[in-house]
Amino acid sequence: MYVTPSRKMRKTVEALVKVILVLSSTVAILTTVGIVASLLFESMRFFSAVPVTDFLFGLKWSPQTAIRPDQVGSSGAFGAVPLFAGTMLISAIAMFVATPIGLFAAVFLAEYASPRARSLIKPALEILAGIPTVVYGFFAALMVAPWLRGAGESAGFEVSSESALAAGLVMGVMIIPLISSLSDDVITAVPGTLREGSLGLGATKSETIRQVILPAALPGIMGGLLLAASRAIGETMIVVMAAGLSANLTANPFQAVTTVTVQIVTLLTGDQEFDSPKTLAAFALGLMLFVTTLMLNVIALAIVKKFREQYE
Amino acid sequence: MSNADLIKSGLSRRYRAERRFRFYGIVAVTVALSFLVLLLLAVVGNGAGALRQAQIKLPIVFEAGKVADANWQGLVKDSLRAAFPDVKNRRDKKKLYGLASSGAGHDLGLMMKENPSLVGTTVSLWLPASDDVDMLLKGLIDRTVDEGSRRVSDKELVWVDALLADGAVELQFNTRFFTSGDSREPELAGILGAAVGSALSLLVCLALSFPLGVMAAVYLEEFAPKNRWSDMIEVNINNLAAVPSIVFGLLGLAVFLNVFGMPRSAPLVGGMVLALMTLPTIIIAARAALKSVPPSIRQAAMALGASPVQVVTHHVLPLAMPGMMTGTIIGMAQALGETAPLLMIGMVAFIVDIPQGIFDPATALPVQIYLWADAPERAFTERTAAAIFVLLMFLVVMNLTAVILRKKFEQRW
Chain S
23 MYVTPSRKMR KTVEALVKVI LVLSSTVAIL TTVGIVASLL FESMRFFSAV PVTDFLFGLK
83 WSPQTAIRPD QVGSSGAFGA VPLFAGTMLI SAIAMFVATP IGLFAAVFLA EYASPRARSL
143 IKPALEILAG IPTVVYGFFA ALMVAPWLRG AGESAGFEVS SESALAAGLV MGVMIIPLIS
203 SLSDDVITAV PGTLREGSLG LGATKSETIR QVILPAALPG IMGGLLLAAS RAIGETMIVV
263 MAAGLSANLT ANPFQAVTTV TVQIVTLLTG DQEFDSPKTL AAFALGLMLF VTTLMLNVIA
323 LAIVKKFREQ YE
Chain C
1384 MSNADLIKSG LSRRYRAERR FRFYGIVAVT VALSFLVLLL LAVVGNGAGA LRQAQIKLPI
1444 VFEAGKVADA NWQGLVKDSL RAAFPDVKNR RDKKKLYGLA SSGAGHDLGL MMKENPSLVG
1504 TTVSLWLPAS DDVDMLLKGL IDRTVDEGSR RVSDKELVWV DALLADGAVE LQFNTRFFTS
1564 GDSREPELAG ILGAAVGSAL SLLVCLALSF PLGVMAAVYL EEFAPKNRWS DMIEVNINNL
1624 AAVPSIVFGL LGLAVFLNVF GMPRSAPLVG GMVLALMTLP TIIIAARAAL KSVPPSIRQA
1684 AMALGASPVQ VVTHHVLPLA MPGMMTGTII GMAQALGETA PLLMIGMVAF IVDIPQGIFD
1744 PATALPVQIY LWADAPERAF TERTAAAIFV LLMFLVVMNL TAVILRKKFE QRW
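Right, dumping it as structure tokens:
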């Protein structure tokens, strides 16, 4: 064995391998490009049939397509406001449930729990994050919704069997671990010197947490909450199974509402021709969903990054 | 009052606040964990029933004429009529026939095919009972309710009780649930078709996302110059990880199905969509694994004359492999539980046959759960819960494997 002076072969192989590596790293970029292109392209076709303003500001959503061309109401109505409102309502309920529970759990885990308790509770909470959303959907539709309905009946008011509340509650449970683990990371990243300074001045532990640690961790926690909100907005199965299809424009959590993701699923499952405005509308909704969640994520990631730099 | 007194006077209040604050934390953790327990209890409590299924024992006479016509269900009907000879009315007869599942005849057909010498003989056989009988035996139908609002009529109750007294109806282990595909009849429905569909999709997903993810991570971590392009890829990957899964489904529908014309409902397309979805997870985990390999290993290899690619393939990759595998398994577990993108590419069709390859139409386990949860029959509820239990078991096994891998091969440098 000896080293040949000309290492031509080796160089070619190295170059080739590098090209393959570069190509595989561009798959991620291609995916994004593919998503944006396909959503934009199909949405353009939809907006050539339905004006953008009707879609964004219309108050009525009833996407029937005509079986006969002369049918009454064949044009359908594609006002997406009820869907945006429904999505917001359910996500708000979810955040309302998950924020206090998630935050307090994070504070407890980061500041109070013994290392042993922490090593048991943290993975247990993470199990909640690992449960498939279809399981939460089953839980919402077959356990929580009937229970809420019964509770509402005995309290004397009507709860729809597919209420925004049931979907929102269960979705809240789903995002608890997201909020708690992100906040936990942020709280433990607050430098110990701040904590010790406050304790040294005679503050109790809870005073230190409320007046020193949480304000210091606030940007990071906000980032985490934004990420959780984006998860809630994009969540599909829970709302498909528990929230219903009727596009009510209401703020009443006991009524059925529908969301952007539910409508995408209903418009696109089953057999229908691909060119009708009905199916194209799903892509317009998908575009809205993508843009909203992307903005939330970009802002959240920027905030979290800034927070990290502050204390490094 | 001195300062010390001032501080002392507020102390008990402050300690109370301290205890209250701590208590809130405990409450939050307890609430979160009790949701988990509640969820698991609901699944187990509802799903346990599906392990057993009512079977009905009937003496079947393989009469030559009906066998020749392949009128298998007719044989079942003959046997039921013989068991209750005093049922004459047509409507009552129809109800009587309904005690046995409509799939019972199919079973006889299969038996006959295997053993044609049965013609003319009488064999006593356990056959699946209908879902109503099943629910009745499990106590899920309330006998005290008025007949009109009960799924089982008084006459049917009498027949079932008579069969029970003879020991001709009982709950037996539900093998069919694990060995057959979907069905409109709850007593005939099984999860094997969906499980095979999930397995095929995951195979495609793994075959695509693991090599691509590892190569992308190697490039970004070991070779990429720190410039705009690599920054862009990095930001891109982070954002892709947070894109709602349903958007990946839309991508699959628009690009794989409509542009490339791939088959609808096929595990191939399902696996491709899931691969795009899990790619960010795998890349991020693989990069962390590569980062944890100390630079001294690379320098030592380089000093001995290894080329950059040799350094990576001979030294860095093998050392980072356990971490990468762990990340990949966790990514696969995510993919296994994913439903929404599969709905978009048509993997929700009603499919009875068990898929034989990645081009056959198929569903997946979570999709099957979604379909069954929607079905009106009470018997499907327990099957849904049982299917969830099976899905959760797969996830537990995958995650445990990941944890064990990490524990076993974890290295501190």
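Residue numbers (our numbering), protein chains in the order written: chain S, 23 to 334; chain C, 1384 to 1796.
Cβ coordinates follow ideal geometry from the N, Cα and C atoms, glycine included.
So residue i contacts chain C; which residues on that side make the cut at Cβ distance below 7 angstroms?
i	result
ASN319 of chain S	ASN1622 and ALA1625
PHE130 of chain S	GLY1408, ILE1409, ALA1411 and VAL1412
PHE161 of chain S	LEU1422 and ALA1425
To the nearest angstrom, how far is the alpha carbon of residue i from that of residue j?
i	j	result
SER1563 of chain C	GLU1553 of chain C	21 angstroms
SER1536 of chain C	GLU1530 of chain C	6 angstroms
VAL1444 of chain C	ALA1431 of chain C	35 angstroms
ALA1882 of chain C	PHE130 of chain S	Residue 1882 of chain C is absent from the structure shown; chain C starts at 1384 and stops at 1796.
LEU1540 of chain C	VAL1502 of chain C	33 angstroms
SER65 of chain S	TRP1612 of chain C	29 angstroms
VAL1459 of chain C	PRO1499 of chain C	18 angstroms
PRO1759 of chain C	GLN1739 of chain C	30 angstroms
LEU150 of chain S	ALA1747 of chain C	22 angstroms
VAL72 of chain S	LEU1640 of chain C	25 angstroms
VAL55 of chain S	VAL1630 of chain C	13 angstroms
ILE112 of chain S	ILE1680 of chain C	52 angstroms
SER1417 of chain C	ILE1409 of chain C	12 angstroms
LEU1583 of chain C	ARG171 of chain S	40 angstroms
GLY245 of chain S	SER1628 of chain C	21 angstroms
GLN332 of chain S	VAL234 of chain S	15 angstroms
ASP206 of chain S	ALA128 of chain S	5 angstroms
MET263 of chain S	VAL1750 of chain C	12 angstroms
LYS40 of chain S	ALA50 of chain S	17 angstroms
SER1507 of chain C	GLY1635 of chain C	52 angstroms
LYS227 of chain S	ARG1405 of chain C	9 angstroms
Please classify residue i as buried or exposed, where buried requires at least 16 neighbouring CB atoms within 10 angstroms.
i	result
THR281 of chain S	buried
GLU1721 of chain C	buried
TRP83 of chain S	buried
GLU1793 of chain C	exposed
TYR1602 of chain C	buried
TYR158 of chain S	buried
TYR1398 of chain C	exposed
THR121 of chain S	buried
TYR1753 of chain C	buried
ASP1469 of chain C	exposed
ILE1574 of chain C	buried
GLU1765 of chain C	buried
Which residues in chain C sit within 9 angstroms of residue i, going by Cβ to Cβ distance?
i	result
SER60 of chain S	LEU1633, LEU1634, LEU1636, ALA1637, VAL1638, ASN1641 and VAL1642
MET165 of chain S	LEU1421, LEU1422, ALA1425 and ASN1429
LEU316 of chain S	ASN1622, ALA1625 and VAL1626
In chain C, what lies closer than 8 angstroms to residue i by C-beta?
i	result
LEU283 of chain S	Per the sequence presented here, residue 283 of chain S reads as Thr, with Leu not at that position. PRO1627, ILE1629 and ALA1723, listed in chain order.
PHE8 of chain S	Coverage of chain S is limited to positions 23 through 334, which leaves residue 8 of chain S absent and any answer about it impossible.
Look up residue i in the DSSP assignment and say whether it is helix, strand or coil.
i	result
LYS82 of chain S	coil
SER268 of chain S	coil
GLU1793 of chain C	coil
THR1764 of chain C	helix
ILE1728 of chain C	coil
ALA278 of chain S	coil
ILE1443 of chain C	strand
LEU1554 of chain C	strand
PHE10 of chain S	Since the displayed chain S opens at 23 and closes at 334, residue 10 of chain S lies outside it and no answer follows.
ALA162 of chain S	helix
For a contact meaning CB atoms closer than 8 angstroms, what does residue i contact in chain S?
i	result
PHE1418 of chain C	LEU150, VAL195 and ILE198
At 9 angstroms on the CB atoms, spell out the chain S contacts of residue i, in chain order.
i	result
ASN1619 of chain C	ALA50, ILE51, THR53 and THR54
LEU1523 of chain C	In chain order: nothing, as chain S lies at least about 14 angstroms away.
Using a threshold of 8 angstroms, is the CB atom of residue i nearer than that to any non-hydrogen atom of the ligand GDP?
i	result
ALA1431 of chain C	In the structure shown, the ligand GDP is absent, as is every other ligand, since no ligand is present at all.
For residue i, which residues in chain S fall below 7 angstroms Cβ to Cβ?
i	result
ARG1399 of chain C	Result: empty, since nearest Cβ-Cβ is about 10 angstroms, beyond 7 angstroms.
MET1727 of chain C	LEU290
Against chain C: residues of the region 28–46 of chain S by CB proximity under 9 angstroms: ARG29, ARG32, LYS33, VAL35, GLU36, VAL39, LYS40, ILE42, LEU43, VAL44, LEU45 and SER46
Contacting positions in the region 138–157 of chain S - beta carbon closer than 8 angstroms to chain C: ILE143, ALA146, LEU147, ILE149, LEU150, GLY152, ILE153, PRO154, THR155, VAL156 and VAL157
Chain C contacts from the region 238–255 of chain S (Cβ-Cβ distance under 9 angstroms): LEU249, SER252, ARG253 and ILE255
Near-chain C residues of the region 214–233 of chain S (beta-carbon distance less than 8 angstroms), N- to C-terminal order: GLY224, THR226, LYS227, SER228, GLU229, ILE231 and ARG232
Chain C contacts made by the region 260–276 of chain S, where a contact means CB separation under 8 angstroms: VAL262 and MET263
Within 8 angstroms of chain S by C-beta, residues of the region 1759–1788 of chain C in sequence order: THR1764, THR1767, ALA1768, ILE1771, LEU1774, LEU1775, LEU1778 and ASN1782
Residues of the region 102–132 of chain S with Cβ closer than 8 angstroms to any Cβ of chain C, in chain order: PRO122, ILE123, GLY124, LEU125, PHE126, ALA127, VAL129, PHE130 and LEU131
Residues within the region 1577–1611 of chain C neighbouring chain S, beta-carbon criterion of under 7 angstroms: LEU1595, MET1598, ALA1599, VAL1601, TYR1602, LEU1603 and PHE1606
Residues from the region 174–190 of chain S in contact with chain C, defined by Cβ distance under 9 angstroms: none
Residues, ordered as in the chain, of the region 1688–1704 of chain C that lie near chain S by beta-carbon distance below 8 angstroms: GLY1688, SER1690, PRO1691 and VAL1692
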